[in-house]
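Protein chains in written order, with our numbering: chain A, 5 to 342; chain B, 5 to 342. Where is the CB? At the ideal position from N, CA and C, for every residue including glycine. Fair warning: this is a prediction, and the values are worked out from it, not measured in the lab.
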DNA sequence: CTGAAAGCGCTTACAG
DNA sequence: CTGAAAGCGCTTACAG
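Written as structure tokens, this is what we have:
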């Protein structure tokens, strides 16, 4: 392993002092260093492929150009688009990311602080209440997909209530009147989505929809949908609060010989797994705008890093409907019965 | 933002010199510092919650206790178990992980080097040839799920050939004679899995199985399976080289009114998405031992970091069969025809 | 047994 | 216009 080239090496080659190298390479040379020497430094640096040692830079500047990502995960799924956007924006601003599973290994937060991360972004795979540790709150922090009850850090979350409402409204718009909601158990996201969907149905002058809290796994969706679809008054359309539930419902419908969307309409809320929208037929989705949220979160954090502490905000992001091929008008059962 | 407490603060409180603090806290005090002062230092450190500044430590020791993870991703899926194991093992050895998307942002490799990462682990979501950049190879590196053609770094990969063979053998053992392989397009993993499956079938004295190269998406699996199952001589069992293909095949079977496993047996190879094993019925899987590979990779790297460069190795890991409920003996079509 | 000094690589006032 | 010095926080020989 060869020694890294240092500013001294460049200075030696260019025939100037270490400080001159620093000034030139940091664009503060004009009026200080002769143009000839500037050129010498630049070409020496290029020739030696010199890049300053970031560790030394950090010690000197007390800023590491590093952001800690605290992944607050209660289950195993990683929202690709969200992390992708965070990485992309961080990179664009010149930051590197140190990622840690804060639930499984909370002590690593201390290790990040020792490494003098400039800030934190707390990321949950799904809307969560996260009590922010004091040590974290001491550094600029933004929260993505999660909320700090004590309001010490800004948070960026999808409008889960609105998303639930949009999903239901999407089905109402298609003419459905017999809706059911297949939901996860526990979790802020599930509850808000259910609330939103239920609210939209009632706002349309219909009775409260049937809500079945099944769980989060594919099998839960399968079992739940089966129960709904084989019940006395089976719904013509189902809102699924999570992608994997929707997949389960999709499988259950197929097993029962129900065609989507001819016999059953399905709308799923999006969890960033890129799954429900890939099925055959692809499901109509209410998208979680992960890319937007991730990019915005980093923008907010970097701005805080540059201009100091700003006011704590809670930003909510609209979840747009992405049409698929799983929604159609309901069969005219009312007419059959008349 | 309050100032971090430094070794000097501890020294002041304990009434000793900075060096004494360092010696005591690094366990090199015996024979140098009186037991009384040792105690004083320890209690002062505890009282001030002192932990050494990792940046200063890095500059001093020329080791950052940080490992760079180069994610070599051509598509968007993240193998959770693999990354989880890597994080866990790294943490256990006292390392933090700096993750970077090396395909999308190759220049960040330089940024990691500037930050003096002690080593690299190159991770691909699926078996890949990765030509290792010189700058990376200059630092201890292990490759996970990918191979460096020039053999400059050790690599740890699943036995894809064996996995394909196991999948086919699993179906042969159940009595199937009419197998088809639904495969991804391009990619080392697909090819090796196909080769393995095909080899096992031929080793059983049967003619080469039908291989359909469909793609990687759910819809590809759906379309491919549909073609296979509606062809003149439809197979009694299908090996899917990827989870999402298997999901597509599952959906296609349901649409065609084929029950799994009564009418069709399905085996999928595992890509770490935790998907095929969750379906209803759960598919029989040939598992990729991601947790084992990840843990082993870090063990190898940390060992290299501690004891210097070791010999370059290619380690191959067996993929065990995990039974599900998607394989049954074939319908006795031969008897029907006789 | 303990403290002062050197040095990791950098930048930024500060003399000349 | 340029070089020598200080200092970020740490550890490790090295004097006393």
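Specify, as a first and last residue, the run of the alpha helix (DSSP H) that residue i falls within.
{"i": "residue 114(A)", "result": "112-118"}
{"i": "residue 255(B)", "result": "247-259"}
{"i": "residue 71(A)", "result": "Not the alpha helix (DSSP H): residue 71(A) falls in the beta strand (DSSP E), residues 70-75."}
{"i": "residue 132(B)", "result": "Residue 132(B) -> not in any alpha helix (DSSP H); beta strand (DSSP E) instead, spanning 123-133."}
{"i": "residue 82(A)", "result": "Careful: residue 82(A) lies outside any alpha helix (DSSP H) and carries neither H nor E."}
{"i": "residue 297(B)", "result": "294-311"}
{"i": "residue 170(B)", "result": "164-177"}
{"i": "residue 192(A)", "result": "192-207"}
Tell me whether the beta-carbon of residue i lies closer than 8 Å to the beta-carbon of residue j.
{"i": "residue 335(A)", "j": "residue 267(A)", "result": "yes"}
{"i": "residue 270(B)", "j": "residue 330(B)", "result": "yes"}
{"i": "residue 74(B)", "j": "residue 106(B)", "result": "yes"}
{"i": "residue 215(B)", "j": "residue 235(B)", "result": "no"}
{"i": "residue 71(A)", "j": "residue 94(A)", "result": "yes"}
{"i": "residue 260(A)", "j": "residue 283(B)", "result": "no"}
{"i": "residue 290(B)", "j": "residue 141(B)", "result": "no"}
{"i": "residue 200(B)", "j": "residue 179(B)", "result": "no"}
{"i": "residue 125(B)", "j": "residue 305(B)", "result": "yes"}
{"i": "residue 152(A)", "j": "residue 127(A)", "result": "no"}
{"i": "residue 213(A)", "j": "residue 292(A)", "result": "no"}
{"i": "residue 15(A)", "j": "residue 294(A)", "result": "no"}
{"i": "residue 186(A)", "j": "residue 241(A)", "result": "no"}
Mind checking if residue i is an interface residue toward chain B, Cβ cutoff 8 Å exclusive?
{"i": "residue 109(A)", "result": "yes"}
{"i": "residue 334(A)", "result": "no"}
{"i": "residue 22(A)", "result": "no"}
{"i": "residue 4(A)", "result": "Because chain A is modelled from 5 through 342, residue 4(A) falls outside the range shown and cannot be assessed."}
{"i": "residue 14(A)", "result": "no"}
{"i": "residue 141(A)", "result": "no"}
{"i": "residue 283(A)", "result": "yes"}
{"i": "residue 259(A)", "result": "yes"}
{"i": "residue 131(A)", "result": "no"}
{"i": "residue 118(A)", "result": "yes"}
{"i": "residue 113(A)", "result": "no"}
{"i": "residue 17(A)", "result": "no"}
{"i": "residue 91(A)", "result": "yes"}
{"i": "residue 209(A)", "result": "no"}
{"i": "residue 151(A)", "result": "no"}
Pop quiz: residue i and residue j are said to be a contact at Cβ under 8 Å. What is the actual Cβ separation, rounded to whole angstroms?
{"i": "residue 322(B)", "j": "residue 166(B)", "result": "6 Å"}
{"i": "residue 17(A)", "j": "residue 52(A)", "result": "7 Å"}
{"i": "residue 129(B)", "j": "residue 81(B)", "result": "6 Å"}
{"i": "residue 115(B)", "j": "residue 100(A)", "result": "6 Å"}
{"i": "residue 262(A)", "j": "residue 225(A)", "result": "Contact flag wrong, Cβ pair sits at about 14 Å."}
{"i": "residue 245(A)", "j": "residue 188(A)", "result": "5 Å"}
{"i": "residue 83(B)", "j": "residue 307(B)", "result": "Rounded, the Cβ-Cβ distance is 23 Å, inconsistent with contact."}
{"i": "residue 328(A)", "j": "residue 281(A)", "result": "6 Å"}
{"i": "residue 120(A)", "j": "residue 62(A)", "result": "6 Å"}
{"i": "residue 76(B)", "j": "residue 132(B)", "result": "6 Å"}
{"i": "residue 300(B)", "j": "residue 160(B)", "result": "6 Å"}
Are the C-beta of residue i and some C-beta of chain A separated by less than 8 Å?
{"i": "residue 328(B)", "result": "no"}
{"i": "residue 59(B)", "result": "yes"}
{"i": "residue 82(B)", "result": "yes"}
{"i": "residue 292(B)", "result": "no"}
{"i": "residue 51(B)", "result": "no"}
{"i": "residue 314(B)", "result": "no"}
{"i": "residue 105(B)", "result": "yes"}
{"i": "residue 222(B)", "result": "yes"}
{"i": "residue 55(B)", "result": "yes"}
What's the call for residue i, buried or exposed, on a 16-neighbour Cβ count within 10 Å?
{"i": "residue 190(B)", "result": "exposed"}
{"i": "residue 149(A)", "result": "buried"}
{"i": "residue 164(B)", "result": "buried"}
{"i": "residue 139(B)", "result": "exposed"}
{"i": "residue 154(A)", "result": "exposed"}
{"i": "residue 319(B)", "result": "exposed"}
{"i": "residue 207(B)", "result": "exposed"}
{"i": "residue 111(B)", "result": "exposed"}
{"i": "residue 317(A)", "result": "exposed"}
{"i": "residue 67(B)", "result": "exposed"}
{"i": "residue 184(B)", "result": "buried"}
{"i": "residue 211(B)", "result": "exposed"}
{"i": "residue 50(B)", "result": "exposed"}
{"i": "residue 19(B)", "result": "exposed"}
What I want to know is whether the C-beta of residue i ends up closer than 7 Å to one or more non-hydrogen atoms of the ligand ZN.
{"i": "residue 108(A)", "result": "Ligands are entirely absent from the displayed structure, and the ligand ZN is therefore not among its contents."}
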